[in-house]
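Here the sequence shown is numbered in our numbering, starting from 2 and rising by one per residue. Positions of the beta carbon are idealized from the N, C-alpha and C atoms, including for glycine. All remarks here apply to the structure that follows.
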Amino acid sequence: MTTSLYWHTEGQGSDLILIHGWGMNSAVWQQLLPRLTDRYRVHCVDLPGYGHSQPTDAFSLEEMAQCLLNNSPQHAIWVGWSLGGMVATQAALLAPERVQGLVTVASSPRFAAEHGWRGIKPQVLSAFSAQLEDDFSSTVERFMALQAMGSPTARQDIKWLKKAVLSHPSPQPEALKAGLDILAEADLRPQLHDISVPWLRMYGRLDGLVPVRVAQELDVLAPQSQRQIFANASHAPFISDPEHFSEELLSFCGQCLPSR
């Protein structure tokens, strides 16, 4: 791995890669790590331009996925949350021989809503993009609040998430802008049938950013995949329901890789 990307690695065993979402960084996985590292070697990455990772010109979805592939273990299970789920999915499309299992968490192949497809309203994404120009710190904080909206433990989740994210340097504005462009424009739905690796999709029933209806749509678009819905979680089920989340993740990983 080169020094252009920041990786935090813990544990022993087969490799497990965790990828954060928009506006966040690898610290979001902190409370999940103790539940995973006795069975797997877990690699938490800051995406390019986020946290401790250096800025880069590689800001398209395919370029981001390739950047991670160039700097990651040769064989691993890839776990991506929200925007990170899109990056992990793109990696599985680019290099299925490298991805031994794919887990997408509160993610969608098409984040922006359009006729017949549930998602984030385009005007909401446009507003976030415009607000970045004025005050990107406040914009990221508002987005953090949306992560936990609907969760029974929303206030506690937001407080924890903010503390974790602020433990790393602030993301680069150009990285945030590029991420919003991906959320607004990228559409992986036509390629989903090409995913050949074991795939688990995880959702929060109370998620306001990736409605649970998306899970039902993907049952049809990606019948080769599995899905898990957490009844009392919103957009960050690994924060609001870490015990149940880790149980489901470890069960899936056990199907894909032998633990040591």
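Test item: CB-CB of residue i and residue j under 8 Å
| i | j | result |
| --- | --- | --- |
| H169 | G52 | yes |
| P97 | V198 | yes |
| A66 | V88 | yes |
| S15 | Y41 | yes |
| L222 | L184 | no |
| I230 | A216 | yes |
Classification of residue i by the beta-carbon crowding that lies within 10 angstroms, buried from 16 upward
| i | result |
| --- | --- |
| A187 | buried |
| D158 | buried |
| Q91 | buried |
| G255 | exposed |
Euclidean distance between Cα positions of residue i and residue j
| i | j | result |
| --- | --- | --- |
| P35 | P174 | 32 Å |
| Q13 | A77 | 13 Å |
| A107 | G205 | 7 Å |
| R202 | E11 | 24 Å |
| Q31 | A165 | 8 Å |
| Y7 | L207 | 32 Å |
| V80 | G22 | 11 Å |
| N26 | R156 | 20 Å |
| A93 | C68 | 13 Å |
| L177 | S130 | 9 Å |
| G102 | L19 | 12 Å |
Bridge-paired residues (DSSP) for residue i
| i | result |
| --- | --- |
| M203 | V106 and Q229 |
| W82 | V106 |
| D47 | Y7 |
| I159 | Paired residues: none, contrary to the question. |
Range of the contiguous beta strand (DSSP E) that encloses residue i
| i | result |
| --- | --- |
| H169 | Here H169 belongs to no beta strand (DSSP E), and DSSP marks it neither H nor E. |
| I20 | S15 to I20 |
| H9 | Y7 to E11 |
Start and end residues, alpha helix (DSSP H) containing residue i
| i | result |
| --- | --- |
| I240 | P238 to S241 |
| L147 | P123 to A149 |
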